[in-house]
């Protein structure tokens with residue numbers, strides 16, 4: 001669209017130039033001009049190329065006949081300057097907001113105050129200058145060396161090609177545990193209880209055998225890790241939360257055990273007698 | 001609360017109707033309102049007020065209402081806010097608004113959201129029927145977009161998480177012919193209940209406006225209206241803020257059953273409008289503006305967009321940390337908070353508005369402590385710092401004794 005307009009303005013100004021020229025200097029037109037005009041009446045207008053010559057000519061001419069030319073006020077340069085009309089619409093700038101932000105704004109939830117994490121990173125931010133680059137490379141090498149040192153024991157069995165994948169997984173497991181993973185990725189989550197029991201029994205038995213052997217040989221081993229008591233004990237309830245039952249969805253749910261705890265042991269007659277009495281009454285009602 | 005000696009608080013006229021009912025429900029004090037719309041031509045409770053009473057009845061348990069024969073007096077003794085027991089398969093309380101309703105659905109949603117944090121269970125309500133107007137209305141109600149983007153974020157400052165609230169606009173609608181009725185469907189889900197709202201301290205500078213967001217909506221009219229409104233609004237705002245973005249939302253007009261022909265349906269609630277929200281660099285400070293075309297038409301989208309932008313600029317000029325749209329919510333939540341003094345910086349005109357003064361008077365009548373007002377020192381904005389002491393009642397349903 002823009003290109004079309006430009007072309008139009010160019011064409012108009014060109015024709016204007018030519019017409020004005022024909023008005024003013026009809027007396028002393030040179031031969032190429034006549035040819036040119038002839039050609040243009042027959043065919044399409046020619047592109048303007050011999051500007052400097054024309055300008056000189058016009059300047060010379062202006063000295064002679066300044067009064068008669070009404071168009072002389074407008075200089076040649078102004079006429080030839082292409083008027084560019086640019087219609088800059090706001091629609092071009094509309095895409096300033098990312099799609100994720102727009103989506104989150106138009107969702108049914110209230111917009112969050114936290115700035116959204118943009119997935120697309122600024123490419124300029126990742127470029128680093130000279131010594132920073134070397135620093136980064138050094139860090140990388142350090143990391144590689146560290147990994148080699150910590151995981152080198154896995155390489156002992158890495159001769160066979162099948163062990164490569166296993167070793168990779170083992171290395172991943174080691175790294176995860178170093179980062180603080182709760183359990184190993186090799187731990188199977190679901191399995192029959194009997195199998196699990198067997199595995200645990202075998203582990204403890206193996207450990208016990210190792211310790212026995214070490215003691216007999218006079219080797220001092222590491223201390224046995226004590227299991228923390230916190231895990232099996234009561235869990236910590238928050239401040240202000242109810243001391244009994246389970247609170248969810250605005251309701252406090254009390255299990256039968258909770259109710260029994262609150263009520264405490266029955267006084268007077270023993271529980272059996274009371275229940276029996278209740279049953280008896282029911283039967284009598286029938 | 002002993003029900004043996006009900007001490008009714010007496011009020012007159014229909015002004016601050018929802019606010020008084022909300023305060024009554026939250027504090028547990030019964031109220032008596034007389035002279036409701038006491039003009040001789042059309043006396044008694046208006047359709048939207050009746051609808052609100054129905055809604056209140058369905059989200060509470062044990063509340064009782066008595067309306068006089070003419071509808072000019074009302075006695076309300078509140079019950080416990082339970083969030084309502086949903087009927088049937090859906091888990092929402094349905095609130096059907098009649099086609100004579102002139103108020104926007106935000107008139108219902110704002111007080112419902114004030115009650116919701118103090119409810120026993122989650123409050124899920126669905127507004128439907130031939131009277132649901134989701135757009136801004138001429139009676140001064142804001143659009144649902146403003147409620148969602150400018151009022152609900154304020155709850156976060158009170159420790160009420162925004163992740164658990166939702167306003168789903170299933171069908172948009174502007175005001176129908178004569179400003180009556182719509183046909184929209186709006187679902188409000190408020191699952192964030194608290195024991196006591198946190199004490200609010202927003203007495204610092206409100207910061208500068210960093211970005212402007214908004215929604216332009218056109219319902220049942222050409223979608224190009226959106227673009228024209230956005231263009232006009234941006235022509236005002238672009239010079240002032242670099243980060244302006246207004247989303248366009250086009251919907252079909254809602255179908256409602258035709259009264260004259262029972263088998264046929266007709267489209268209603270045609271119109272367009274725009275909602276703008278300016279966010280400050282300080283967390284939680286928002287200003288909003290809202291404007292929709294009047295139901296009789298005759299205004300260009302350019303005019304609406306430009307006026308909305310000016311309205312936004314006016315809201316920003318009034319200053320303070322909370323604009324007049326959210327001031328009622330914020331002051332009420334502060335008053336319902338723990339027995340601690342919270343402070344908030346408000347623009348002088350925001351405090352001086354009829355709504356804020358009315359709220360202060362009503363709160364005093366309901367037994368809350370008065371506000372402390374003082375001038376903001378250190379700058380020449382003329383803002384006020386309002387100190388509000390909470391009553392410490394909070395959520396009765398969540399109280400574990």
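Chains as they are written, first to last, in UniProt numbering: chain Z, 1 to 286; chain V, 1 to 401. Here a beta-carbon is modelled for each residue, glycine too, at the ideal position from N, C-alpha and C.
The C-beta of residue 108 of chain Z comes closer than 7 Å to at least one C-beta of chain V.
Interface flag for residue 97 of chain Z against chain V is set, since a Cβ pair is found closer than 7 Å.
Across the segment 121-134 of chain V, CB contacts with chain Z closer than 9 Å involve 121 and 122, in sequence order along the chain. Setting aside the 5 residues that flank it on each side, residue 246 of chain Z is surrounded in the same chain by 253, each with a C-beta closer than 7 Å to its C-beta; the list follows chain order. Proximity to residue 21 of chain V across V/37, V/56, V/194 and V/109 peaks at V/56, based on C-alpha coordinates. Secondary structure at residue 218 of chain Z: coil, using DSSP grouped into helix, strand and coil. Under the DSSP assignment, residue 155 of chain V falls outside any beta strand (DSSP E), being part of the alpha helix (DSSP H) whose first and last residues are 152-155. With 16 or more neighbouring CB atoms inside 10 Å of its own CB, residue 368 of chain V falls in the buried class.
Residue 384 of chain V sits close to residue 348 of chain V, with the two beta carbons spaced by under 7 Å. The residue from V/355, V/35, V/251 and V/338 with its alpha-carbon nearest to that of residue 140 of chain V is V/355. Just measuring C-alpha positions, the residue of Z/173, Z/214, Z/155 and Z/207 sitting nearest residue 183 of chain Z is Z/173. Per DSSP, residue 178 of chain Z lies in no beta strand (DSSP E); the unbroken alpha helix (DSSP H) holding it starts and ends at 163-179. Residue pairing from DSSP places residue 375 of chain V in a beta bridge opposite V/384. Annotation: Cβ neighbours of residue 102 of chain Z in chain V (cutoff 7 Å, chain order): 247. By the Cβ-count criterion, residue 42 of chain V is exposed, with fewer than 16 other Cβ atoms from all chains shown falling within 10 Å of its own Cβ. Within the same chain, and ignoring the five residues on either side of residue 327 of chain V in sequence, the residues whose Cβ sits closer than 6 Å to its Cβ are 350 and 356.
The three-state secondary structure of residue 349 of chain V, taken from DSSP, is helix. With a threshold of 7 Å between beta carbons, residue 394 of chain V makes no contact with chain Z. Taking 3 residues as the minimum length, the beta strand (DSSP E) runs contained wholly in the segment 62-123 of chain V are 64-67, 74-77 and 93-97, in order along the chain. Here residue 242 of chain Z has 252 as same chain residues with Cβ atoms under 7 Å from its own Cβ, once five neighbours each way along the sequence are excluded.
Listed by position along chain V, the residues whose Cβ is nearer than 8 Å to that of residue 249 of chain Z are 121 and 122. Of the other Cβ atoms in all chains shown, 16 or more fall within 10 Å of the Cβ of residue 335 of chain V; this residue is therefore buried. For residue 112 of chain Z, the neighbours in chain V by C-beta distance under 7 Å run, in chain order, 162.
Partner residues in the beta bridge of residue 265 of chain V, as assigned by DSSP, are V/257.
At least 7 Å separates the CB of residue 200 of chain V from every CB of chain Z. For residue 334 of chain V, the enclosing alpha helix (DSSP H) starts and ends at 327-335.
Contact with chain Z is found for residue 166 of chain V, since one of that chain's Cβ atoms lies less than 7 Å from the residue's Cβ. For the C-beta of residue 148 of chain V, the chain Z residues within less than 7 Å are, from N- to C-terminus, 110. Check the Cα spacing between residue 308 of chain V and each of V/298, V/277 and V/281: the tightest is with V/277. For residue 45 of chain Z, the number of other beta carbons within 10 angstroms of its own is below 16, and it is reported as exposed. Listed along the chain, the chain Z residues whose CB falls inside 8 Å of the CB of residue 205 of chain V amount to none; the nearest CB is some 17 Å away. Residue 141 of chain V sits in coil when the DSSP states are folded into three classes, being neither helix nor strand.
The C-beta of residue 138 of chain Z has fewer than 16 other C-beta atoms within 10 Å across all chains shown, which makes the residue exposed. In this model, residue 137 of chain V and residue 62 of chain V are separated by some 33 Å (Cα to Cα).
DSSP places residue 50 of chain V in the helix class (H, G or I) of the three-state scheme. DSSP places residue 34 of chain V inside the beta strand (DSSP E), whose first and last residues are 31-34.
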